[in-house]
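K.L.:
Just dropping this structure here.
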Ligand code: NDP
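Residue numbers (my numbering): 2 to 341.
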């Protein structure tokens, strides 16, 4: 019997995000199927494959990449592993959808993008928030001049890390733990998307209180300066349960207020405030991950670009790394163009 699918996916990492969101998002695409999973632990891989109806499980990356049915890989291991796995996938001619942060340093991420370009494979970053109806509408409003010249942004992304995720994020610096590489990198990507320009400078302070070990931060407040002059204030945490999430863009002629929108779920509200009063912005909510994989699938067919490109992953990582440096040095850190 021939293949029942047009695009076979290999999961690199038997992860929570794949189980909760991405396997379903891949299967929501016509002709796409998850054909294999790689876990470093034989039993976990077998259990994971059985639980999710995945035909093959592998304990080595080489075995997964040698599978001719694997056309594309989704990488959702801990962050220190992304680099070597992307390089290997590119060398094997597989398309790559990689989780954020792409790597632990900008230089590593740059190397990954260059390898995929050289191999001629599509590479994208799974910055899901770009796919939210809320952020897409906010971007359209800002870009169409609905609030005049944008001056300030505020991001409210202080949440409580659920117990089942209280592992490497709070106790393994070598795995790229800490709230900045986990959450601030998403804020950076979302602001870059909405404002359509790049941050050039960061100041920040972090704290380590009840969850993370002392050398990893579990809360941060940062300010970014964008090249168009916008100042953006970010508040990210693993440690607070009741803050609520949101994003605000304030311009000379109006403000856009998004509430409950810094999330994995297709929810939240957006309002526009101008001299005309307060207007609710209609949103057609859609699963963020399904939309992201659909854009990636289209890019594989040569139709359009991924929602967040590989280059977006590098640029958003550069911002997060600058925030980490700003916390460490207590000085303003310039964010240089990683592709200059
Ligand atoms: P998990 O901790 O669930 O999985 C990461 C790795 O940990 C897996 O690859 C697995 O290794 C190992 N692992 C999983 N479960 C266990 C266990 N019970 N015991 C021991 N080891 C285990 O990570 P997440 O799914 O939360 O995150 C994975 C990646 O995805 C990260 O890069 C993260 O930043 C990103 N992410 C992105 C999100 C987004 O919305 N874009 C949301 C959440 C995460 P092995 O594969 O070897 O079995």
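Idealized CB from N, CA, C, for every residue including glycine. Since the model is a prediction, treat every value here as computed from it, not as a measurement.
Counting only the same chain and skipping the five closest in sequence on each side, list residues whose C-beta sits under 7 Å from that of residue 111.
P.N.:
In the chain shown, residue 111 corresponds to position 110, counting from 1. Result list for residue 111: 315, 339, in chain order.
K.L.:
In the DSSP assignment, what residue or residues form a beta bridge with residue 23?
P.N.:
Along the chain shown, one-based indexing puts residue 23 at 22. Answer is none; residue 23 lacks a bridge partner.
K.L.:
Could you tell me the boundaries of the beta strand (DSSP E) in which residue 236 lies?
P.N.:
As a working note, residue 236 is residue 235 in the chain shown. Start and end: 232 to 238.
K.L.:
Residue 29 to residue 284, Cα distance in whole Å?
P.N.:
Position 28 of the chain shown, counted from the start, is the residue given in the question as residue 29. Position 283 of the chain shown, counted from the start, is the residue given in the question as residue 284. Distance between the alpha carbons of residue 29 and residue 284 is about 21 Å.
K.L.:
Could you have a look at residue 346 and say whether DSSP puts it in helix, strand or coil?
P.N.:
In the structure displayed, the chain extends from 2 to 341; residue 346 sits before or after that span and is not available.
K.L.:
Using the Cα positions of residue 49 and residue 11, report the straight-line distance between them to the nearest angstrom.
P.N.:
For the purposes of this step, residue 49 is identified with residue 48 of the chain shown, where counting begins at 1. For the purposes of this step, residue 11 is identified with residue 10 of the chain shown, where counting begins at 1. Whole-angstrom Cα-Cα distance: 13 Å.
K.L.:
Only counting runs of 4 or more residues, tell me where the alpha helix (DSSP H) segments fall wholly within the stretch 227 to 308, in order along the chain.
P.N.:
289 to 301
K.L.:
Could you please give me the residues that DSSP links to residue 335 through a beta bridge?
P.N.:
Taking the first residue of the chain shown as position 1, residue 335 is located at position 334. Beta-bridge pairing links residue 335 to 202.
K.L.:
Does residue 78 pass the burial test, meaning 16 or more other C-beta atoms within 10 Å, or should it be called exposed?
P.N.:
Against the chain shown, residue 78 aligns to sequence position 77. Answer is buried; the Cβ neighbour count reaches 16.
K.L.:
Rounded to the nearest angstrom, how far is the Cβ of residue 235 from that of residue 156, given a contact under 8 Å?
P.N.:
Translated into positions along the chain shown, residue 235 becomes position 234. Translated into positions along the chain shown, residue 156 becomes position 155. Sure, about 5 Å apart at Cβ, within 8 Å.
K.L.:
Using a threshold of 7 Å, is the CB atom of residue 15 nearer than that to any non-hydrogen atom of the ligand GDP?
P.N.:
Within the structure as shown, the ligand GDP is missing, the only ligands being the ligand NDP.
K.L.:
Could you name the residues that DSSP lists as bridge partners for residue 49?
P.N.:
To locate residue 49, count along the chain shown from 1; it is residue 48. In the DSSP output, where bridge partners are listed per residue, residue 49 has none listed.
K.L.:
Measuring CB to CB, does residue 230 end up less than 8 Å from residue 246?
P.N.:
In the chain shown, the residue the question calls residue 230 occupies position 229. In the chain shown, the residue the question calls residue 246 occupies position 245. No, these two residues do not count as a Cβ contact at 8 Å.
K.L.:
Got a sec, what are the start and stop residues for the beta strand (DSSP E) residue 185 sits in?
P.N.:
Position 184 of the chain shown holds residue 185. No beta strand (DSSP E) contains residue 185, which DSSP labels as neither H nor E.
K.L.:
So, does the stretch 56 to 71 touch the stretch 316 to 336, judging by three or more C-beta pairs under 8 Å?
P.N.:
no
K.L.:
Tell me which residues share the same chain as residue 319 and place their Cβ nearer than 7 Å to its Cβ, disregarding the 5 neighbours each side in the sequence.
P.N.:
On the chain shown, residue 319 is found 318 positions in, with the first residue counted as 1. Excluding sequence neighbours, residue 319 sits near 107, 336, 339.
K.L.:
Find out if the Cβ-Cβ distance for the pair residue 150, residue 259 is shorter than 8 Å.
P.N.:
Along the chain shown, one-based indexing puts residue 150 at 149. Along the chain shown, one-based indexing puts residue 259 at 258. Taking 8 Å as the Cβ cut-off, residue 150 and residue 259 do not qualify as a contacting pair.
K.L.:
Does the ligand NDP have even one heavy atom less than 7 Å from the beta-carbon of residue 40?
P.N.:
Walking along the chain shown from the start, residue 40 turns up at place 39. True, at least one ligand heavy atom lies under 7 Å from that Cβ.
K.L.:
Quick one: what's residue 222 bridged to in DSSP?
P.N.:
Counting from 1 along the chain shown, the entry for residue 222 is found at position 221. In the DSSP output, where bridge partners are listed per residue, residue 222 has 206, 236.
K.L.:
Is any non-hydrogen atom of the ligand NDP found closer than 7 Å to the C-beta of residue 79, if you look at the structure I gave you?
P.N.:
Position 78 of the chain shown, counting from 1, holds the residue named residue 79. Residue 79 Cβ: within cutoff of the ligand NDP.
K.L.:
Please indicate yes or no: does the CB of residue 127 lie closer than 7 Å to some heavy atom of the ligand NDP?
P.N.:
Position 126 of the chain shown, counted from the first residue, corresponds to residue 127. Residue 127 Cβ: within cutoff of the ligand NDP.
K.L.:
Go ahead and label residue 95 buried or exposed: buried means 16 or more other beta carbons lie within 10 angstroms of its beta carbon, across all protein chains shown.
P.N.:
Here residue 95 is taken as the residue at index 94 of the chain shown, counted from 1. With 16 or more other Cβ atoms within 10 Å, it is buried.
K.L.:
Roughly how many angstroms lie between the CA atoms of residue 210 and residue 331, to the nearest whole one?
P.N.:
Here residue 210 refers to the residue found at position 209 of the chain shown. Here residue 331 refers to the residue found at position 330 of the chain shown. Approximately 19 Å between the Cα atoms of the pair.
K.L.:
By the three-class DSSP mapping on this structure, what secondary structure does residue 17 have?
P.N.:
Position 16 of the chain shown, counted from the first residue, corresponds to residue 17. Helix, per DSSP.
K.L.:
Just grab the DSSP bridge partners of residue 57 for me.
P.N.:
By one-based count along the chain shown, residue 57 stands at place 56. For residue 57, which the question treats as bridged, DSSP gives the partners 37.
K.L.:
From what residue to what residue does the beta strand (DSSP E) around residue 139 run?
P.N.:
Numbered from its first residue, the chain shown carries residue 139 at position 138. Segment 134 to 144 is the alpha helix (DSSP H) holding residue 139; no beta strand (DSSP E) there.
K.L.:
Verify the contact flag: residue 100, CB atom, against every heavy atom of the ligand NDP, threshold strictly below 7 Å.
P.N.:
Here residue 100 refers to the residue found at position 99 when the chain shown is read from its first residue. Because some heavy atom of the ligand NDP lies under 7 Å away, the Cβ of residue 100 counts as near it: yes.
K.L.:
Quick one: give me the first and last residue of the alpha helix (DSSP H) that residue 118 is part of.
P.N.:
Reading the chain shown from its first residue, position 117 is the one you call residue 118. Taken as a continuous stretch (DSSP letters only), the alpha helix (DSSP H) holding residue 118 covers 107 to 120.
K.L.:
For the ligand NDP, I want to know if residue 146 counts as a neighbour, meaning its beta carbon is within less than 7 Å of at least one of the ligand's heavy atoms.
P.N.:
On the chain shown, position 145 is the one that residue 146 refers to. Incorrect: residue 146 has no Cβ contact closer than 7 Å to the ligand NDP.
K.L.:
Taking only heavy atoms of the ligand NDP into account, decide whether any of them is closer than 7 Å to the Cβ of residue 193.
P.N.:
Taking the first residue of the chain shown as 1, we reach residue 193 at position 192. Residue 193 Cβ: outside cutoff for every heavy atom of the ligand NDP.
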